[in-house]
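For the sequence shown, full-length UniProt numbering begins at 1 and goes up steadily by one.
Cβ atoms here follow ideal geometry from the backbone N, Cα and C, with glycine treated the same way.
This structure is a prediction, so every number in the text was calculated from the model and none was measured.
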Amino acid sequence: MTGLSAMRRGVLIVVEGLDRAGKSSQCEVLRGFLSEQGHTVKYIRFPGIQLNCIASMYHWSNASIDRTTPIGKLIDSYLRGSSHQDDHSIHLLFSANRWEVAKSIEEDIASGTTIIVDRYSYSGVVYSAAKANPTLSLDWAWQPEIGLPRPDICLFLGISPEEAAKRGGFGAERYENEAMQIRVRELFQTIFEKMQDVAVIDAGKSMGEVSKEIRGAVTGCISRLDITSTLRK
Ligand code: DGP
Ligand code: NA
Ligand code: NA
Numbered sequence: 001m002t003g004l005s006a007m008r009r010g011v012l013i014v015v016e017g018l019d020r021a022g023k024s025s026q027c028e029v030l031r032g033f034l035s036e037q038g039h040t041v042k043y044i045r046f047p048g049i050q051l052n053c054i055a056s057m058y059h060w061s062n063a064s065i066d067r068t069t070p071i072g073k074l075i076d077s078y079l080r081g082s083s084h085q086d087d088h089s090i091h092l093l094f095s096a097n098r099w100e101v102a103k104s105i106e107e108d109i110a111s112g113t114t115i116i117v118d119r120y121s122y123s124g125v126v127y128s129a130a131k132a133n134p135t136l137s138l139d140w141a142w143q144p145e146i147g148l149p150r151p152d153i154c155l156f157l158g159i160s161p162e163e164a165a166k167r168g169g170f171g172a173e174r175y176e177n178e179a180m181q182i183r184v185r186e187l188f189q190t191i192f193e194k195m196q197d198v199a200v201i202d203a204g205k206s207m208g209e210v211s212k213e214i215r216g217a218v219t220g221c222i223s224r225l226d227i228t229s230t231l232r233k
């Protein structure tokens, strides 16, 4: 049965977290770990590349997106505060940014590539609903996410406001302020309480401890996964 290994699909891993929880660094550590375990691993992020990240982390497929695609540029300028967008409009752009790569995610997973996704639909609904716009509820925000590839596991890196404060001041991007972060934290909790396949990780611990917990959660997920299955939606 030489065809067996070719049938092994990749694993779709989403990493979510509060700002300054160390999400991107942990994604990189996880990528290294999974590569050592023999997985072919790709890293993608929404809403796209940031310039202060290590270039070698990125293994973009031809259909990959970053903040330099037309949609990525709009999102980037909005996040930096250089442009205004209606709350609903920017929400749909963030979602469209994910739909741009949905097909390539499915193809990669089917052909055996494991993908680590840095932020996904959960950030999408939470950051938008946190604006407390009366016509932008969590339910409304979920609608354009329906049908996107569903992750096999979602790791949520939580961090207390106290620990976040120790890690230095907020950056200049739109959502990096205290009031927004408090609402974001509450909403993540609300959606993850109802969700299966989510591992909540205390990212206030040391880098080593956090990566150990992540490895444990991902290893458990992979051992339970039916590798001949297709990705859920
Ligand atoms: P990051 O570089 O991962 O910290 O993300 C940049 C910011 O964008 C962060 O404050 C969270 C926010 N964000 C990420 N994805 C979405 C999304 O889909 N919708 C909204 N409204 N905000 C998002
Ligand atoms: Na951020
Ligand atoms: Na996004």
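Proximity of residue i and residue j at Cβ, strictly below 8 Å
i, j, result
"A141", "S128", "yes"
"residue 268", "P144", "Because residue 268 is not part of the residues shown, which for the chain are 1 to 233, the question remains open."
"A203", "V210", "yes"
"C27", "V41", "no"
"D197", "V11", "no"
"R8", "I214", "no"
"Y175", "D118", "no"
"I116", "R31", "yes"
"V126", "V184", "yes"
"T114", "L34", "yes"
Run of the alpha helix (DSSP H) containing residue i, from where it starts to where it stops
i, result
"I222", "M207 to R224"
"I182", "E178 to K194"
"F46", "No alpha helix (DSSP H) contains F46, which DSSP labels as neither H nor E."
"I71", "P70 to L79"
"E36", "K23 to E36"
"V125", "S121 to A129"
"D139", "L138 to W142"
Closest by C-alpha distance to residue i, when choosing among the options
i, options, result
"D86", "N177, A199, L136 and I115", "L136"
"T190", "F156, A179 and D152", "F156"
"K131", "Q181, D226 and L92", "Q181"
"F46", "S35, H39, L34 and E100", "E100"
"E36", "T230, T219, E178 and L225", "T219"
"D139", "N177, T114, A179 and L187", "L187"
"G81", "T230, I222 and E173", "E173"
"P70", "S24, F170 and N97", "N97"
"C154", "H84, K194 and S229", "K194"
"S24", "M207, H88 and S121", "M207"
"N133", "L231, S229 and S89", "S89"
"S229", "I159, G112 and G169", "G112"
Bridge partner(s) assigned by DSSP for residue i
i, result
"G17", "L157"
"T114", "V41"
"L93", "DSSP, once it has assigned bridges, lists no residue as partnering L93."
"L12", "I115"
Residue span of the beta strand (DSSP E) that contains residue i, given as start and end
i, result
"A199", "V198 to D202"
* Taking 8 Å as the threshold, find out whether the stretch 10 to 20 comes into contact with the stretch 160 to 178 through three or more Cβ pairs. => yes
* Asked: Within the chosen definition, does the stretch 103 to 112 reach the stretch 67 to 83 through at least 3 CB pairs nearer than 8 Å?
  -> no
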